[in-house]
Structure formats: C-alpha cells, structure tokens
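In this text, residue positions in the sequence shown follow the working numbering: the first is 672, and each later residue adds one.
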Amino acid sequence: MSQELYARLQKQLDQYSIGFPATASGVELEILRKLFPEKDAELFTRLSPRLESPAEVAARLGQKADDLARQMDDMAERGLLFRKRGPEGARYAAIPFIHGLFEFQLKDLDPELAGLMERYAQEKNFDRAMQTSAAAFLRPIPVQRAVPVEHHVASHEDAAEILRQAGQIVLAQCICRKQKQTIGKGCGKVMEACFMFGSMGQYYLDRGMGRKITLEEGLEVLKNAAEAGLVTQPGTAQNPAGMCNCCGDCCGVLISLKKHPRPASMVFSNHYAELNRDLCSGCELCLERCQMDAFTMAEDGLAQLNPERCIGCGLCVTTCPGEALMLQAKEARQEPPQTSAEQMRFMASRRGLI
C-alpha cells in the first residue's frame, strides 16, 4: 500500500506547475516519504488545487469536518497544503512541488531533505521539466537601470512597479540558496531576497516564513540584488504571487537553463543585450555578471556575445564601464497571463497537459 500511495502522490504532483517527474533512482519517492506521513499523503491525493473548506471536503469524502479541519490545518502548518484564511474560516488546497511543497519547507529544511533535493536536481527528468516550464514559471525582467529611458517598459516588466502595485510586501529567504547552504555549497549571496504578495504573502506571514516590509525596504532589496548580480524574476503573470532574485549558482531554474544550449529560446523575456565591440575594453566584467555564460573572450581580447544564451536581464549592461552594452526590446513582444490562475493554465499548455 505504501509504495502505491506515494507513487499516486508523485503522479498527482507531476500534473501541477512545472511537474514532479519520476526518476529511475526513485529519489522523488524518498522526498515524499520524508514530507508526508501516510495519512497525510492519502488526504492530499483526494484534494485538488481548488480551495475548499473542511466542511466541503468532509461532504465529498464522507468524513467528519472537525477531524478534517484539524488534519488540514496541521498539514498547512507543515507546508503540505496551502491555506487561505477568511471571514468564514480557512480554506485549503493541494499545492505543486515547486512553487509549493519545497518552498514551504523554508523553516524546516534539514540536511536530509536538502540532500535529497540535491540528488533530485541532478536527474535529467528534473532538468527537462525545469527547461520546458521555465517560461511559464518565472520570467527574467530587466534590472532597473538597464533599459534606456526613451524605451517604454510595461508595468509588469518593472520590478519597482510590481512592488508598488503589490499592496502588502512580504520578504522571505531564498529556498534555493538555503538548500545549497544547508549541504555546504552556499554561494554567499544575500539570503533574504524573495518577495511574496497577496494571499501567498499572507500564508508566509502566518507561518513565520517571511516578514512584512515597506515599499522603500523592498526597493532597497532590489538595488542590493542588482549590485550582487542577481536576476530578478517575478512569476509569469502580470499580477504575480511572488518575485525572486536569483543566482546561477543555486536557483534551480537558472541552473537548468544554463545547461540548455539556447536558454534565450526557453525563457519568457522581451529584451536582449546588444554588444558594440568598438566600445569594449576587454575588462571581462560581463563574464562575471552573466548568469547564462553568454559572454566569452575572443582572440582579440574583446568580449563576444552569444545571443542564444542571453535571457535579457540586463545585469551586464549596468556595470559595463565603456557602455558597450545596451538592452534592446524584442520586436515580437509577449504578454504574460493576467493572474496566477491563468499562469497555471499557461504552464499546463506549455507542458502539453491541456
């Protein structure tokens, strides 16, 4: 029963978000056993991503609402369900593995789980899932000073404007950098760098996984992230549930994209960097700043840019001493889905599930 139960759970999670693919090693089942007691795994498989009250679930499953309410709230406190509180009580939903189960272990990430995640991240099936879904999951947007002032930038491509429109801003640690740090492979970059908004932000607050900050504090986080060479990536929605500041050393999305021969073709980005070699001094700073290894040094001692590797973040542009780099807008612009719910449908479409 146990093996069949966790295999069912894995298949369910593989239908959500970027997926949770099976592997030959079975490490994904080890992760699920680590997270879910059998009783909780069984209940999770009978839930969906649609928010439901314990009474609604009880009526559907033929169980006692009070018992389910206690179990579901306990699961939400352990990061196994999403919970949204309201005037009529709490409602709960099944969640993806990413963003969801993994990120919600922020307070409880131990060396065992961090090690299991490291093994899982090495699996080819995981890489394929990340690469296929990257564009629908997170989208790199230009660092603040990279876009020429004469170019209009949509509000959903302006990190500062996303913060201004978010209302409540919650700042949390980066689960990717924390996972690497836990296994002794930390990059040393700033840990508190992920923003959560709306009901997702409130869930983080309720569980003590983040803290409420002001707009001014959020703008300072963005400034420091850009200086540290972090790629700003909101969710692929015009009104995202969160926005990350990612490094190529730890971020699962960027690490998988970096392995792809043409990262530019895999991301949801409306910009690209353009290099004027006549202005290049050969300082090699762009090689350090680029998270996708888009730059190499040519035999003449000047930088050369592979546009198929550029994801349009602009980190190279803002620090080029000779102003040899500019960020350009693509002619064919993409509009992200309006809401996180529409983002999930877009992701399912990218994966061929609908």
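Glycine included, every Cβ here is placed at the ideal spot set by N, Cα and C. Values in this document were obtained by computation on a predicted structure and should not be read as measured data.
DSSP places G750 in no beta strand (DSSP E); its state is neither H nor E. For G906, the secondary structure class from DSSP, reduced to helix, strand or coil, is strand. Two segments are said to touch when three or more pairs of C-beta atoms, one from each, lie closer than 8 angstroms; by this definition the region 914 to 929 touches the region 955 to 975. DSSP, read as helix, strand or coil, puts N941 in coil.
Note on geometry: alpha-carbon atoms of R848 and K929 lie some 17 angstroms from one another.
Annotation note: the region 919 to 983 contains the following uninterrupted alpha helix (DSSP H) runs of length 4 or greater, listed N- to C-terminal: 923 to 930 and 956 to 960. Under DSSP, K883 takes part in a beta bridge, and its partners are V841. Closest in C-alpha terms to L739, from the list G750, A761 and V814, comes A761.
Taking a C-beta distance under 7 angstroms as the contact criterion, S952 and G993 qualify as a contact pair. Taking the CA atoms as reference points, E699 sits about 7 angstroms from A693.
Close CB contacts of F715 within its chain, under the 8 angstroms cut and outside five residues either way in sequence, are with L680, Q683, F707, M746, L751, L752 and A765 (chain order).
For M862, the secondary structure class from DSSP, reduced to helix, strand or coil, is coil. In its chain, beyond the 5 residues on either side, T803, S804, A806 and A807 have a beta carbon closer than 7 angstroms to the beta carbon of R1021. Non-local beta-carbon contacts of I846 in its own chain, meaning distances under 6 angstroms to residues more than five positions away in sequence, involve E774 and L777 in chain order. R756 is bridged by DSSP to A761.
Between H942 and G983, the C-beta spacing is below 7 angstroms.
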